[in-house]
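Worksheet: the structure to be examined is printed underneath.
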Ligand SMILES: Nc1ncnc2c1ncn2[C@@H]1O[C@H](COP(=O)(O)OP(=O)(O)OP(=O)(O)O)[C@@H](O)[C@H]1O
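In this note's numbering, the protein residues as written are 319 to 578.
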């Protein structure tokens, strides 16, 4: 394998009885879940159910009050190698004074110049931004800026890509395009992807595996394997009776969770 190939052996992540309290406020309670290697998993849940808290714990930015997270067989106790994260707020995650290529290269400062340039180009191609390398983020649409943020994450050759409400700040058309981009990238690279969203349609469209959380103190209400065929597209997949059935089931689970 050459150093510029993005494909990597995928990671697997396990949450084992993860709880998190903030003072007296128990945010998540004994979450046990598996994120299968080389698949797209989605965490969906009502507002305030602890989705962001869980992502911070998984990414080693925060520690659980109880339980443990294991990534690639090792317990997470800091930001693990092989993990990259994409946030909802692309405007805050990109440096406005840096052109696209420098934004993507920024986390690769420890690599040699040639390797860095190769990875930047490869990531730019992967997200369909060829020719936009010398633009500044503020010269781009929101969707293009989020592509830059995704390219920056990919350039580090992650085995696990974590995404926190990645498309919540873009319009519906752009959101659909970015969902398809994610599916294409994942199919090509075979990396493990974990997306947090509150959008039920998005969760079913993207996922191989959905982890539905309840209201706080959150527990896993159910995990669902999404057996819809791939490749998916917005028209065929979303009119598939199985899509409608799974979406109805997730909606019911979330409604029940909110009525608790
Ligand atoms: N740093 C913190 N200090 C105190 N409480 C916190 C902190 N972070 C989160 N919480 C609490 O933990 C619970 C879960 O919050 P979290 O932001 O993880 O939920 P979420 O599902 O991501 O919410 P949303 O969907 O609204 O973004 C909430 O009750 C929140 O107030």
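We treat Cβ as the ideally placed atom computed from N, Cα and C, and that holds for glycine.
Give the range of the alpha helix (DSSP H) segment to which residue 418 is assigned.
-> 418 to 423
My guess is that residue 419 and residue 451 are in contact by the Cβ rule of under 8 Å, so how many angstroms apart are they, rounded?
-> 4 Å
Note the first and the last residue of the continuous beta strand (DSSP E) segment covering residue 338.
-> 331 to 340
Residue 385, DSSP secondary structure in three states = strand
Would you kindly check if the distance between the Cβ of residue 515 and the Cβ of residue 360 is under 8 Å?
-> Yes.
Only counting runs of 4 or more residues, tell me where the alpha helix (DSSP H) segments fall wholly within the region 518 to 567, in order along the chain.
-> 518 to 524, 552 to 556
Can you check whether the CB of residue 353 is closer than 8 Å to the CB of residue 377?
-> no
Between the C-alpha atoms of residue 344 and residue 529, what's the straight-line distance to the nearest angstrom?
-> 19 Å
Given a cut-off of 8 Å, decide if residue 513 and residue 484 are closer than it, judged by their beta-carbon atoms.
-> Taking 8 Å as the Cβ cut-off, residue 484 and residue 513 qualify as a contacting pair.
Expected contact under 8 Å - CB spacing of residue 405 and residue 331 to nearest Å = Rounded, the Cβ-Cβ distance is 18 Å, inconsistent with contact.
Exposure of residue 475, with buried meaning 16 or more beta-carbon neighbours within 10 Å | buried
Can you give me the Cβ contacts of residue 356 inside the same chain, cut-off strictly under 8 Å, excluding the 5 residues immediately before and after it?
-> Cβ within range, chain order: 328, 508, 509, 510.
Contact test: residue 368 Cβ vs ligand 1 heavy atom, cutoff 7 Å = yes
Any idea if residue 323 is buried or exposed, counting beta-carbon neighbours within 10 angstroms, 16 or more meaning buried?
-> Legend: pLDDT at residue 323 = 49, less than 50; position of this residue unreliable, no value from coordinates given.
Start-to-end residues for the alpha helix (DSSP H) that takes in residue 296 | There is no way to answer for residue 296, as the model of the chain reaches only from 319 to 578.
For residue 265, which of helix, strand or coil comes out of DSSP?
-> For residue 265 there is no data in the structure shown, the boundaries of the chain being 319 and 578.
Out of curiosity, what's the CA-to-CA distance linking residue 365 and residue 536?
-> 11 Å
For residue 482, which beta-bridge partners are listed by DSSP?
-> 514
7 Å CB neighbourhood of residue 533 in its chain, flanking five on each side removed | 364, 367, 575, 576, 578
Would a C-beta distance cut-off of 8 Å place residue 488 and residue 460 closer than the cut-off?
-> yes
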